[in-house]
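These notes concern the structure reproduced below.
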Amino acid sequence: MVATRCFCCGRALSPGRWRAWSGICFIVCWVTFVIAELCLLAGSVRNAYHTKYFPKGDGPPPCAMLRKGVFAAGAAFTFLAALFAELHYLFYARARDAAAAVAPPIVGGIGMTRM
Numbered sequence: 829m830v831a832t833r834c835f836c837c838g839r840a841l842s843p844g845r846w847r848a849w850s851g852i853c854f855i856v857c858w859v860t861f862v863i864a865e866l867c868l869l870a871g872s873v874r875n876a877y878h879t880k881y882f883p884k885g886d887g888p889p890p891c892a893m894l895r896k897g898v899f900a901a902g903a904a905f906t907f908l909a910a911l912f913a914e915l916h917y918l919f920y921a922r923a924r925d926a927a928a929a930v931a932p933p934i935v936g937g938i939g940m941t942r943m
């Protein structure tokens with residue numbers, strides 16, 4: 829996403845479907861990233877509490893299990909975030925190329941320059 833900067837900086841993109849899809853993929857990418865981080869963080873905190881904060885002299889630790897698929901869900905949302913980031917870049921590049929292909933209108937025949 830560093831290559832695309834942000835939508836407010838740089839030259840303007842041509843309005844159209846590529847720009848719209850780029851914006852949608854950008855938002856969905858960040859949403860899936862936040863969900864993935866929450867899943868991985870929740871699983872890590874629960875796992876750390878299970879292994880680190882249990883007194884070692886009281887016998888074996890209790891079998892407090894994580895819900896099945898917490899880390900799998902985090903991995904899946906991480907993959908989706910990467911996929912939507914790639915789609916965002918592709919649509920952004922197409923919108924940028926479409927903006928470059930449109931020639932600016934010619935206003936007047938002779939340009940005014942300093943002499």
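The sequence shown runs contiguously to residue 943 in my numbering. All C-beta atoms in this analysis are idealised placements derived from N, C-alpha and C, irrespective of residue type, glycine included. All figures in this text were calculated on a predicted structure; none of them were measured in a lab.
Taking all protein chains in view, the Cβ of R845 is surrounded by fewer than 16 other Cβ atoms within 10 Å, so the residue is classified as exposed. With a threshold of 16 other beta carbon atoms within 10 Å, G902 meets it and is buried. Here L869 is exposed: its Cβ has fewer than 16 other Cβ atoms, across all protein chains shown, within 10 Å.
About 4 Å separates the CB atoms of C853 and L915; that is less than 8 Å, so the two are in contact.
For G902, the three-state secondary structure derived from DSSP is helix. With at least 16 other beta carbons inside 10 angstroms of its own, A864 counts as buried.
At the C-beta level, F912 and V856 come within 8 Å of one another. A residue is called buried once 16 or more other Cβ atoms fall within 10 Å of its Cβ, and A848, having fewer, is exposed. A900 sits exposed, since fewer than 16 C-beta atoms from the chains shown fall within 10 Å of its C-beta.
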